[in-house]
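Each residue of the sequence shown is one higher than the last, beginning at 39 in my numbering. Remarks on the structure that follows.
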Amino acid sequence: MRVSAGEAKGKRLRVPRGVAARPTQDRVREAIFNALGGRVVDAEVLDLFAGIGTLGIEALSRGARRAVFVEVDPRTAAGLRANLQVAGLQDRAEVWRADVLRALRRLQDRGDRFDLVFLDPPYRSGWLQRALQALAQSPVLRDEGLVVAEGVRGEPVEVEGLEVTWQRAYGDTAVTFLRRAKGGDGGGRHLPRDV
Numbered sequence: 039m040r041v042s043a044g045e046a047k048g049k050r051l052r053v054p055r056g057v058a059a060r061p062t063q064d065r066v067r068e069a070i071f072n073a074l075g076g077r078v079v080d081a082e083v084l085d086l087f088a089g090i091g092t093l094g095i096e097a098l099s100r101g102a103r104r105a106v107f108v109e110v111d112p113r114t115a116a117g118l119r120a121n122l123q124v125a126g127l128q129d130r131a132e133v134w135r136a137d138v139l140r141a142l143r144r145l146q147d148r149g150d151r152f153d154l155v156f157l158d159p160p161y162r163s164g165w166l167q168r169a170l171q172a173l174a175q176s177p178v179l180r181d182e183g184l185v186v187a188e189g190v191r192g193e194p195v196e197v198e199g200l201e202v203t204w205q206r207a208y209g210d211t212a213v214t215f216l217r218r219a220k221g222g223d224g225g226g227r228h229l230p231r232d233v
């Protein structure tokens, strides 16, 4: 798997041996970034369930200002750090080895705000809905920010506070773009401690 465009184009991203990562397929990744277009340039990016960093690294390569990667598995997070080094993008990235909900609370407390949030949880785990609900309630997603969610075709993505703006299926994989629902301003909201 290689970075497809930008300053790190052609750099090979590796999955560490023994890690059960499921990187975003090349054609799906290309479709995501074609749909995003220039929105990536200068964006603040959050990559949740980051795996080996495929989406966040592609965003950095295409001109994102910085990215925070959240990955709970220690071996996968180590592989992600190695991929950032290979791509030469480590200076604009932070890797957090943490549970996604805990990371969102810490980012909120730190005052971080993101233009793009990539969300690629394990399929059929229930995490897609939980993470979308958390993002809908958290100010880490800027008012004009966009969530790019990847899941199984047919998996529900309807969450109060977010609205679907774009959706495509690629085989069994569905990609959905969501933004804050009109009137669903999250600037004054805070992620509850029990989410």
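Note that beta-carbon positions come from the ideal geometry of N, C-alpha and C, so glycine has one too. As the structure is a computational prediction, the values presented were derived from the model and not from experiment.
| task | Look at A102 and V66 and say whether their C-beta atoms are less than 7 angstroms apart. | result | Here residue 102 corresponds to residue number 64 of the sequence shown, with the count starting at 1. Here residue 66 corresponds to residue number 28 of the sequence shown, with the count starting at 1. No, these two residues do not count as a Cβ contact at 7 angstroms.
| task | Select from T92, R162, A115 the residue whose C-alpha is nearest the C-alpha of F156. | result | The count along the sequence shown starts at 1 and reaches residue 156 at position 118. With distances taken between Cα atoms, F156 lies closest to T92.
| query | Among all the DSSP beta bridges, which residues are the ones paired with Q205? | reply | As a working note, residue 205 is residue 167 in the sequence shown. In DSSP, Q205 forms a bridge with T214.
| query | Is I95 near the ligand MN, judged by its Cβ being under 6 angstroms from some heavy atom? | reply | This structure lacks the ligand MN, and indeed carries no ligand of any kind.
| How big is the Cα-Cα spacing for M39 and G199? | For the purposes of this step, residue 39 is taken as residue 1 along the sequence shown, with counting starting at 1. For the purposes of this step, residue 199 is taken as residue 161 along the sequence shown, with counting starting at 1. If I take the Cα positions, the gap works out to 35 angstroms.
| said: On the DSSP bridge list, what partners appear for D85? | reply: For the purposes of this step, residue 85 is taken as residue 47 along the sequence shown, with counting starting at 1. Beta-bridge pairing links D85 to F107, F156.
| message | Residues in the same chain with beta-carbon distance under 8 angstroms from D223, minus the five sequence neighbours each way, listed in chain order, please. | response | Locating residue 223 in the sequence shown gives position 185, where the first residue counts as 1. Residue confidence for D223 is low, a pLDDT of 45 falling below 50, so the modelled location carries little weight and cannot support an answer.
| field | CB of Q128 within 7 angstroms of CB of V178, strictly | value | Locating residue 128 in the sequence shown gives position 90, where the first residue counts as 1. Locating residue 178 in the sequence shown gives position 140, where the first residue counts as 1. No, the pair does not count as a contact, with Cβ atoms beyond the cut-off.
| task | Could you tell me whether the region 203-213 touches the region 163-178, using the rule of 3 or more Cβ pairs below 8 angstroms? | result | no
| Rounded C-alpha distance that separates V53 from R162 | One-based indexing of the sequence shown puts residue 53 at position 15. One-based indexing of the sequence shown puts residue 162 at position 124. When rounded, the distance between both Cα atoms is 22 angstroms.
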